[in-house]
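There are 2 protein chains.
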Amino acid sequence: MKDFMKLDVKELNEYKVQLEIKYNEFKGKKLNYDMSRGKPCPEQLDLSAGLLDCLDSYKASDGTDCRNYGGLDGIPEAKQLFAEILEVSPKEVIVGGSSSLNMMYDTITRALNLGVYGSDVPWGKLPVIKFLCPSPGYDRHFAICQQFGIEMIVVDMKSDGPDMDVVEKLVAEDESIKGIWCVPKYSNPDGITYSDEIVDRFARMNTKAKDFRIFWDNAYTVHHLYDKGDSLKNIMTACKEAGNPDRVFIYGSTSKISFSSAGIAAMAASENNISLIKKQMSIQTIGPDKINQLRHVKFFKNLSNIEEHMKKHAAIIRPKFEAVLDILESQLGGKNIAWWNKPNGGYFISLFVLDGCAREIIGMAAQAGVTLTPAGSTYPYGRDLRDRNIRLAPTYPSLEELKSAIEVLCICVQLASIGKILAENS
Amino acid sequence: MKDFMKLDVKELNEYKVQLEIKYNEFKGKKLNYDMSRGKPCPEQLDLSAGLLDCLDSYKASDGTDCRNYGGLDGIPEAKQLFAEILEVSPKEVIVGGSSSLNMMYDTITRALNLGVYGSDVPWGKLPVIKFLCPSPGYDRHFAICQQFGIEMIVVDMKSDGPDMDVVEKLVAEDESIKGIWCVPKYSNPDGITYSDEIVDRFARMNTKAKDFRIFWDNAYTVHHLYDKGDSLKNIMTACKEAGNPDRVFIYGSTSKISFSSAGIAAMAASENNISLIKKQMSIQTIGPDKINQLRHVKFFKNLSNIEEHMKKHAAIIRPKFEAVLDILESQLGGKNIAWWNKPNGGYFISLFVLDGCAREIIGMAAQAGVTLTPAGSTYPYGRDLRDRNIRLAPTYPSLEELKSAIEVLCICVQLASIGKILAENS
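Quick mapping for you: the protein sequence lines, in order, are chains Y and A. What the first sequence shows, in the working numbering, is residues 1 to 426, in sequence order. What the second sequence shows, in the working numbering, is residues 1001 to 1426, in sequence order.
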C-alpha cells in the first residue's frame, strides 16, 4: 500500500470516502468488544481447572496446618517456587495474597509511612519525592504515584529498555528521586525485554538517594509467546555484584499463569529488605491465604511444569497476537502512519500513530463499539504529550471479535491520519 | 477455700511449700502448651472441610467469571452474606481478602495518607492524632496505632462496655482524637458485649473531630458458646438515627467460622464512606480473590446456615471454656486473689490477678512449659499499669492439655499472690 505522505489531496479524499463507508458499516453492526485490559480469556483460565481440586492435605512441608493462622511470609514450598520463578533465594521471598499490584502498593505505603531499609526518615516526611517512569508504561504503577502525590518524571523507552543516560543523570543528581517503575520483561505495553547492559547499568548506577529503589515488576517472566523466549539478566545478582544488594524490589504473580483473581503473588528483595518488611508487615496481617499457596504448589510443583503450562497459554494467545500483527501489517503497513512492535511475550502490542491522533482514534473506535485502553493511559498523569500511543490487549476477545476490532481500529487510524494530513496541507 | 487475705504468715508459708512441690512436678513434665493466641483447633477447622470442594461453577450471580480480574468490592452474593452477618445493606459492604485485620490496617493507612470521608486533610498531615483504646483490648489494634505513632489513650472497660463518661468527655474536647477501637461483642479479652445504652451513646456523642471514626471490630458476632447468645444493638442504625451515619467502620470475617488463614473478610460503612474507600482502593488492587468468596457463599449460603455451623464450633470449644472456668473456680475461687468473667461467646477468658502479679505469673507459667499471651499485651504500648490482666485463649489446646495448663496457671497465681501478700506483711 502506498505511503500516505505521498498521496495528493484528491487521492486522500477519495480514500477517506471509502474508509467512511466501511466505518459506518461496522458502526451498524453494533459491536461490543473490549480490548482495554490485559485479561486472560476463559480458555486460558480453563487450563488451571485442576487447581481447584488438587489438595490432598492441609499440611505444608514444615508441618504447618495451612488452614490456621500464621506464616506471615508464606509457606516454604511457595517461597521455593517463587524463588525459582524470580531467580532468587527462598530467603529473599515473601509470598502474599492474590495481587502483586497490592504488594507494590503496600511497599509504597510502607516506604511513605515507615521508610525502607536504609531510610533516614519515612519518604512521606520529605517535602517532595519523585519517581522515574519509563514510558509508555503500566498505568496502574503511575496511578499509585499519583494517588500519593509522588512526582512522576517521564523517561523514554528505547528498543532495549529505558533511556539509561537520562536515568543515570537524574538519579545521580536528585536526592528526591526515590524510585523507578520497571516492567523489565515483555514490558507493558511495548513488549520490550531489557538488555543485559540496561540491567547492569541499573545495578551499578550511582543514586543520590541512598534509599533509592527499583520497583522491578517482573509480571511476564514466563509469559512467552514462542518456544524461544526472551531472557532477562538477573537484576538481584547484578545488584549484589555491583555492591548495591538492597536496591531492588522484585514482584511477580501467577495472575496470568493460574487465575487472575485467585492466583498467588510474591515479592523478592535482599534479606535486609525482607527482614524489615516482615517486621513492618507483621502489624498489617497475621498471614496470607496459605491454602491457596498450597493449592498452587501442589498443582504446579516447580518452574519446569509452569513453563510447560505457559506453552498451553501461548498456544491459545499466539494466534491472537499474530492476527493483530497480520491485520496491522495488511491495513497499515507501508502507509507511514503507524508503527508497532512484535513482542515475543507478555500481554500487549503497543501501537504508535501520527502525533496528535491517538485520542481521536480511540474515540472513533469506541463509537464503533470497540473499547480500547483510554488515551494517555500509558503515560504518567494520563498525559501522552505526543498523543500517539495506543495499547492493544489481544488476549481476552475471541479471535473473530479481535479481528473485527482490529479492522475497525485500522480504519480509525487511517481516517484520523488522513484528517491530520489534510489539515496540515490546507 | 479460704480467703488468702485472712491467712496468717505461717499458713501462707505452709501452703507455699505445697504449691512449690506441685509447681516443680509440672516443671518436670516438660509441658509444651501454647494458649497465647485465639486460634481455632484442628477439629474446628475440620468443620469446614466441605468448603474446599463445593464449587460447581466459576460464575457469580451477576455472571462474573470469578477466575478473572475485576470486582473491586466483592461478588454480589458475598456482599449479601456479609450484609446479613453485619446487619447492614449490601451497598454498605466491601468484601476483601482473607484478613479483616488487614482491612483495618489499610483503613488506617488510607486515613493517614488520604483521609476519610469528610476529612479536611489526611490524618497523617496533622501534628498529632490520637485514638481511644478501651482496655484491656486487642493487642493487634494497639500495634497498628503504635506503628504509625498514633497516640493511644486508655479508657477503662466496664461490665457493659467502655467507660462512656470518659469517652464522651474526651472526644468532645480534643479534635486530635480521630478514632476508637471497639470489639463490641464478646470483647477481646473480656468477653463483654456492649449494652444498648453504650451503643446509643457511641452513636449520639458529640465529637470535636468531624471525621472521627469508630472502628467496630465485630469479630465474634456469631461466635456464641451457648444457644442463647448475647445480642448487640445495631450501631449502623443507631448512627443513622442519631444523624451521624458516617461515624462507624464495621469489620468482620469468617476467620473463626471457616478457615483462619483462608476465610473471607469484609468491612461495612455508610455509602458515603464506601464510595470514597472504593475510589481509594481502586489504586491498590484490581480486586480480591473472588473464587474464595464464591466458595464461601456456596458452602454457607446464608446467615441461618452459619448460625447452625457455629453451634458445631460451640460444641467443640464450650467444654474447653467450661474446663477453664471450673478449674479457676476450684483452685482460685474464694481466695480473693483472682477475678474472671464468664463469657457467653468469643475466644477469650480475661483473668485479673493481684496488682503487680501478672508478669510474674506469666513468666512462671512459661518456665513450666505453658505459653500465655505476653504480659501487658492487652493494653496500649504493652503497658498494663496495674500489671494484673492475663488473657486466656482456651480454644487451640486439647482439653487434656488445657486442663494441665490451667492447673499450672492456678499454681502460679497462688504462688505469686502469696509472695506479694508475704512481702506486704513483712
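For glycine and all other residues, C-beta sits at the position ideal for the given N, C-alpha and C. The structure displayed is predicted, hence computed values, not measured ones.
Using a Cβ distance threshold of 8 Å, determine whether the segment 1372 to 1380 of chain A contacts the segment 1216 to 1232 of chain A, with at least three qualifying pairs required. Result no; under three Cβ-Cβ pairs closer than 8 Å.
Residue span of the beta strand (DSSP E) that contains Asn1389(A), given as start and end: Annotation: the continuous beta strand (DSSP E) that includes Asn1389(A) extends over Asn1389 to Leu1392.
Assign Glu151(Y) to one of three DSSP states: helix, strand, or coil. Looking at Glu151(Y) - three-state DSSP - the assignment turns out to be strand.
For Tyr194(Y), is the classification buried or exposed, using 16 other Cβ atoms within 10 angstroms of its Cβ as the cut-off for buried? Under this definition Tyr194(Y) is a buried residue.
Going by Cα to Cα distance, which pick from Leu325(Y), Pro42(Y) and Tyr396(Y) is closest to Ile406(Y)? That would be Leu325(Y), whose Cα lies nearest to the Cα of Ile406(Y).
Under 7 Å, CB to CB, which of the residues in the segment 1250 to 1280 of chain A have a partner in chain Y? Correct list: Phe1259, Ser1260, Ser1261 and Ala1262.
Identify the contact partners of Lys39(Y) in chain A, using a Cβ-Cβ distance below 7 Å as the criterion. Listed by position along chain A, the residues whose Cβ is nearer than 7 Å to that of Lys39(Y) are Asn1068 and Tyr1069.
Cβ distance (whole Å) where Leu294(Y) is taken to contact Ile75(Y) below 8 Å: Indeed, because the Cβ distance is near 6 Å, the residues count as touching under 8 Å.
Is the beta carbon of Phe348(Y) within less than 7 Å of some heavy atom of the ligand NAD? With respect to the ligand NAD, the structure offers nothing, as it holds no ligand at all.
Can we say the segment 276 to 286 of chain Y touches the segment 45 to 55 of chain Y, given the rule of at least three CB pairs closer than 8 Å? The segment 276 to 286 of chain Y is not in contact with the segment 45 to 55 of chain Y.
Nearest to Ile274(Y) (by Cα), restricted to the options Gly118(Y), Asn32(Y), Thr254(Y) and Arg37(Y): Comparing Cα-Cα distances from Ile274(Y) to each of Gly118(Y), Asn32(Y), Thr254(Y) and Arg37(Y), the minimum goes to Gly118(Y).
In chain A, which residues lie with their C-beta within 7 Å of the C-beta of Ile144(Y)? Below the 7 Å Cβ cutoff, chain A contributes Ile1283 as neighbours of Ile144(Y), in chain order.
Applying a beta-carbon distance threshold of less than 7 Å, which residues of chain Y neighbour Ser1099(A)? Thr285 and Ile286, listed in chain order.
List the endpoints of the continuous alpha helix (DSSP H) containing Met1281(A). It spans Glu1271 to Met1281 - the alpha helix (DSSP H) in which Met1281(A) sits, taken as one unbroken run.
Classify Tyr381(Y) as buried or exposed, calling it buried when 16 or more other Cβ atoms lie within 10 Å of its own Cβ. Classification of Tyr381(Y): exposed, given that the 10 Å Cβ count is below 16.
Got a sec: which bits of the segment 1134 to 1166 of chain A sit with their beta carbon under 7 Å from any beta carbon on chain Y, in order along the chain? Within the segment 1134 to 1166 of chain A, the residues whose Cβ lies closer than 7 Å to some Cβ of chain Y are Ala1143, Ile1144, Gln1147 and Phe1148, listed in chain order.
Count the other CB atoms within 10 Å of the CB of Val1116(A); is the residue buried (16 or more) or exposed (fewer)? Buried.
Leaving out five residues before and five after Val1154(A) in sequence, what residues of the same chain have Cβ atoms less than 7 Å from its Cβ? Non-local C-beta neighbours of Val1154(A) in its own chain, meaning closer than 7 Å and more than five positions away in sequence, comprise Cys1133, Ser1135, Tyr1379 and Pro1380, ordered along the chain.
Can you name, in chain order, every residue of its own chain whose Cβ lies under 7 Å from the Cβ of Phe148(Y), other than the five neighbours on each side? Same-chain partners within the cutoff: Ile108 and Leu112.
Exposure of Val1009(A), with buried meaning 16 or more beta-carbon neighbours within 10 Å: Exposed: under 16 other Cβ atoms inside 10 Å.
Of all the CB atoms in chain Y, is at least one closer than 8 Å to the CB of Asp1217(A)? Chain Y, which has no Cβ nearer than 8 Å to the Cβ of Asp1217(A), makes this no.
Between Phe1202(A) and the rest of its own chain, which residues show a CB-CB distance below 7 Å, the 5 nearest in sequence each way excluded? Answer for Phe1202(A): Ile1214 and Ile1235, listed in chain order.
Whole-Å CB distance - Glu168(Y) paired with Lys208(Y), under 8 Å assumed: Between Lys208(Y) and Glu168(Y) the Cβ distance is about 11 Å, and since that is not below 8 Å, they are no contact.
So if I threshold CB-CB distances at 8 Å, which residues from the segment 1287 to 1300 of chain A count as touching chain Y? Flagged, chain order: Gly1287, Pro1288, Asp1289, Lys1290, Ile1291 and Asn1292.
By how many angstroms is the C-alpha of Gly1179(A) removed from the C-alpha of Phe1249(A)? Going by C-alpha positions, Phe1249(A) is about 10 Å away from Gly1179(A).
Identify which residue in Cys1066(A), Gly1096(A) and Tyr1347(A) has its Cα closest to the Cα of Gln1044(A). Closest by alpha carbon: Tyr1347(A).
Taking the alpha-carbon positions, what's the Arg67(Y) to Pro288(Y) distance? When rounded, the distance between both Cα atoms is 11 Å.
Among Met157(Y), Lys301(Y) and Gly345(Y), nearest to Glu322(Y) - alpha-carbon criterion: Among Met157(Y), Lys301(Y) and Gly345(Y), the Cα nearest to that of Glu322(Y) belongs to Gly345(Y).
Buried or exposed: Asp139(Y), going by 16 or more other Cβ atoms within 10 Å of its Cβ? With 16 or more other CB atoms across the displayed protein chains lying within 10 angstroms of its CB, Asp139(Y) is buried.
Could you pull out every residue in the same chain whose Cβ sits closer than 6 Å to the Cβ of Lys1290(A), ignoring the five residues on either side in sequence? Within its own chain, the residues whose Cβ lies closer than 6 Å to the Cβ of Lys1290(A), once the five positions on either side in sequence are excluded, are Cys1066, Gly1071 and Ile1075, listed in chain order.
Taking Cβ to Cβ, would you say Ala365(Y) is nearer than 8 Å to Leu372(Y)? Yes. Within cutoff.
Between Leu1031(A) and Asn1013(A), what straight-line distance do the alpha-carbon atoms span, to the nearest angstrom? Taking the straight line from one Cα to the other gives about 27 Å.
Tell me whether the beta-carbon of Phe212(Y) lies closer than 8 Å to the beta-carbon of Ile177(Y). The criterion of a C-beta distance shorter than 8 Å is satisfied by Phe212(Y) and Ile177(Y).
Whole-number beta carbon distance between Ser1350(A) and Pro1162(A), since they are thought to touch under 8 Å: About 15 Å separates the two Cβ atoms, so there is no contact after all.
Whose C-beta lies closer than 7 Å to the C-beta of Met164(Y) among residues of the same chain, with five residues either side of it excluded? Listed in chain order, the non-local C-beta contacts of Met164(Y) below 7 Å within the same chain comprise Ile198 and Arg201, local neighbours out to five positions each way being set aside.
Does the beta-carbon distance from Ile192(Y) to Val222(Y) come in below 8 Å? It is not a contact, given that the beta carbons lie outside the stated cut-off.
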